[in-house]
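Number of protein chains: 2
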Amino acid sequence: MNATQQQIAWITQQVMQELAAQGSSRSETLDAPSAPLQVQVGISNRHIHLAREDMDILFGYGATLTRMKAVKQPGQFASEECVTLRGPKGEIKNVRVLGPLRPTTQVEISVADSFVLGVKAPVRMSGDLQDSPGIEIVGPKGSVKKASGTIVAWRHIHISPEDAERHALRDGMEVSIQAQGQRAGIMQHVVVRATQASVLELHVDVEEANAYGLRNGDLVNIITEQPPWLMFPLRRDCARWSS
Amino acid sequence: MNATQQQIAWITQQVMQELAAQGSSRSETLDAPSAPLQVQVGISNRHIHLAREDMDILFGYGATLTRMKAVKQPGQFASEECVTLRGPKGEIKNVRVLGPLRPTTQVEISVADSFVLGVKAPVRMSGDLQDSPGIEIVGPKGSVKKASGTIVAWRHIHISPEDAERHALRDGMEVSIQAQGQRAGIMQHVVVRATQASVLELHVDVEEANAYGLRNGDLVNIITEQPPWLMFPLRRDCARWSS
Chain W
1 MNATQQQIAW ITQQVMQELA AQGSSRSETL DAPSAPLQVQ VGISNRHIHL AREDMDILFG
61 YGATLTRMKA VKQPGQFASE ECVTLRGPKG EIKNVRVLGP LRPTTQVEIS VADSFVLGVK
121 APVRMSGDLQ DSPGIEIVGP KGSVKKASGT IVAWRHIHIS PEDAERHALR DGMEVSIQAQ
181 GQRAGIMQHV VVRATQASVL ELHVDVEEAN AYGLRNGDLV NIITEQPPWL MFPLRRDCAR
241 WSS
Chain G
1 MNATQQQIAW ITQQVMQELA AQGSSRSETL DAPSAPLQVQ VGISNRHIHL AREDMDILFG
61 YGATLTRMKA VKQPGQFASE ECVTLRGPKG EIKNVRVLGP LRPTTQVEIS VADSFVLGVK
121 APVRMSGDLQ DSPGIEIVGP KGSVKKASGT IVAWRHIHIS PEDAERHALR DGMEVSIQAQ
181 GQRAGIMQHV VVRATQASVL ELHVDVEEAN AYGLRNGDLV NIITEQPPWL MFPLRRDCAR
241 WSS
């Protein structure tokens with residue numbers, strides 16, 4: 001051990017002794033949950049949400065989506081319907097429509113897809129479509145050129161307001177995720193979306209999943225956006241700092 | 001780490017910062033470089049390295065690679081030649097051959113590619129091909145079924161032994177990379193490859209680049225693989241702990 005390490009060892013010893021001497025007072029100052037919050041991974045492939053008027057054009061007036069498979073978030077589903085995306089540089093077929101219909105059509109692609117299509121899609125939260133690029137959408141009954149609505153989804157955690165409250169998380173705050181394994185990494189700027197009827201789930205796209213070695217259903221730990229040396233257990237007042 | 005250890009870590013960090021701020025005494029105990037080591041990002045798309053015998057089968061006996069573009073590592077180049085990879089589930093065309101020829105044929109694909117092909121390629125360092133799956137390679141003059149050699153490249157940093165020495169890095173050790181921006185993250189388990197005639201460069205694949213928001217030529221900071229609460233500036237003896 002060199003001088004610096006000896007200093008650390010000595011300081012640590014002093015602190016340990018001080019803490020040990022405090023006895024019961026420790027439980028008063030740290031009311032943290034004992035384990036970090038774990039969240040299940042949900043991987044999103046490219047997909048599209050359609051508004052009624054675009055559904056009419058692409059699949060015929062009054063057409064409805066056919067439920068193929070429920071996804072984890074309540075009420076949402078993958079439909080049988082698919083479209084083709086056509087950009088200035090190329091097209092991508094078999095892009096699945098996710099239901100139910102929404103007020104605004106939104107296309108969610110990967111960064112790699114954006115190069116294939118030739119569309120500079122920004123990394124955005126769902127619904128934040130201002131100044132996002134448009135794209136041509138081709139369906140079996142017609143096609144539509146959208147002026148905007150193409151994004152790369154910003155990674156996020158769905159959580160119910162109750163679960164958020166319990167774990168000192170708030171809608172809109174950012175946390176980090178620790179992925180383990182050969183491609184371990186700390187994924188930063190993961191936005192918390194605390195909304196009614198949400199089920200706890202981390203949404204990442206295919207490239208994020210593959211780069212961090214994640215599979216559907218994997219469990220990962222949420223850590224707060226503190227500097228690493230300030231990484232206390234999750235506490236209400238700590239969480240507030242990180243907004 | 002439990003709460004007590006985290007408190008110790010935090011207090012230790014505070015004390016260390018105080019020590020570091022004490023002026024001249026710092027240079028005696030901390031001989032760290034003033035700035036973190038930065039490395040340029042090089043993004044690898046899927047590619048193949050060919051052995052002489054496979055080059056003969058795929059492109060004709062005695063065929064040679066045609067240099068198309070030099071890559072950053074001295075002597076290496078992208079060739080005009082491409083092959084098709086054919087797996088049990090699908091095939092990928094236009095996979096570029098990287099030159100020069102090597103003793104052993106090696107296929108480097110992404111995780112997404114491995115699903116397309118139906119080949120369970122492990123994440124491995126170049127040359128570590130034991131028990132890796134095989135694949136069929138199709139060229140203009142013939143095709144060959146390899147029994148092994150298909151991998152997903154383990155992310156790594158090329159560095160000369162001199163640069164490594166200067167920055168307290170050693171061949172085979174792992175470091176982490178801090179990526180900034182909307183998709184900021186700490187990429188862990190990045191292997192240092194300190195070999196002669198290497199140029200400092202971080203090699204990641206397309207999915208890693210897109211997930212961490214990296215572009216070719218971006219500069220990122222190298223940080224050592226210390227636990228976060230021991231993340232001091234790079235020092236020779238600190239670096240040695242992380243092997």
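One line per chain: the protein sequences are W and G, in this order. FYI, my numbering numbers position 195 of the first sequence as 195, with every residue one higher than the one before it. FYI, my numbering numbers position 36 of the second sequence as 36, with every residue one higher than the one before it. Note that beta-carbon positions come from the ideal geometry of N, C-alpha and C, so glycine has one too. In this text the structure is predicted, and so the values were computed from the model without any measurement.
Who are the neighbours of G:Val191 on chain B, taking C-beta pairs under 9 Å?
-> The displayed structure is made up of protein chains W and G, and chain B is not among them.
Option in W:Asp163, W:Gln178, W:Ile177 with minimal Cα separation from W:Asp171 = W:Asp163
Three-state class that DSSP yields for G:Ala179 in the structure shown | strand
Classification of W:Gly42 by the beta-carbon crowding that lies within 10 angstroms, buried from 16 upward | buried
8 Å Cβ cutoff met for G:Phe77 and G:Arg67 = yes
C-alpha distance - G:Ile223 paired with G:Leu202, whole-angstrom precision = 13 Å
How would you call W:Lys146, buried or exposed, if buried means at least 16 neighbouring beta carbons within 10 angstroms?
-> buried
Helix, strand or coil at G:Ile223 according to DSSP, with G and I counted as helix = strand
Pick helix, strand or coil for W:Ile109, following the three-state DSSP scheme.
-> coil
Could you name the residues of the segment 179-208 of chain G whose beta carbon sits closer than 7 Å to any beta carbon of chain W, in the order they occur along the chain?
-> Gln182, Arg183, Ala184, Gly185, Ile186, Met187, Gln188, His189, Val206, Glu207, Glu208
For W:Thr105, count neighbouring C-beta atoms within 10 Å of its own C-beta (all shown protein chains included) and say buried if the count is 16 or more, exposed if not.
-> buried
Grouping DSSP H, G and I as helix and E and B as strand, with all else coil, what is W:Val206?
-> helix
Within-8 Å CB hit, W:Tyr61 to chain G | no
Amino acids of chain W, ordered along the chain, whose beta-carbon sits closer than 7 Å to that of G:Ala211 | Glu207, Glu208, Ala211, Tyr212
Within 10 angstroms of its Cβ, does G:Ser34 collect 16 or more other Cβ (buried), or is it exposed?
-> Per-residue confidence for G:Ser34 stands at a pLDDT of 49, beneath the threshold of 50, marking its modelled position as unreliable; no derived number is given.
So, does the CB of G:Ala112 fall closer than 8 Å to a CB anywhere in chain W?
-> yes
Leaving out the 5 sequence neighbours to the left and right, which residues in its chain are closer than 6 Å to G:Asp54 when beta-carbon positions are compared?
-> Thr105, Val144
Beta-carbon separation of W:Asp221 and W:Gln40 under 8 Å?
-> Correcting the residue type first, residue 221 of chain W is Asn in the shown sequence and not Asp. Going by C-beta atoms, W:Asn221 is not nearer than 8 Å to W:Gln40.
Which listed residue (W:Gly185, W:Ser198, W:Thr195) has its alpha carbon closest to that of W:Glu208 | W:Gly185
Please say whether W:Ala168 and W:Tyr212 have beta carbons closer to each other than 8 Å?
-> no
Using a Cβ cut-off of 8 Å (strictly closer), state whether W:Val95 contacts chain G.
-> no
Are the beta-carbon atoms of W:Gly87 and W:Leu117 separated by less than 8 Å?
-> yes
Same chain, Cβ closer than 8 Å to W:Glu136, neighbours up to 5 away in sequence not counted | Leu85, Arg86, Gly87, Ser143, Val144, Lys145, Lys146
State buried or exposed for W:Gln196, treating a residue as buried only when at least 16 other CB atoms are found within 10 Å of its CB.
-> exposed
Taking only beta-carbon atoms, is W:Val175 less than 8 Å away from chain G?
-> no
Rounded distance between the beta-carbons of W:Leu65 and W:Leu101, thought under 8 Å | 7 Å
For the beta strand (DSSP E) containing G:Arg86, list its first residue and its last residue.
-> 77-86
Nearest CA to the CA of W:Gln73: which residue from W:Arg183, W:Arg166, W:His158?
-> W:His158
Proximal residues of chain W, C-beta to C-beta of G:Val71 below 9 Å = Within 9 Å Cβ-Cβ: nothing; G:Val71 doesn't reach chain W, min ~19 Å.
Whose Cβ in chain G lies nearer than 8 Å to the Cβ of W:Val123?
-> Gln182, Arg183, Gly213
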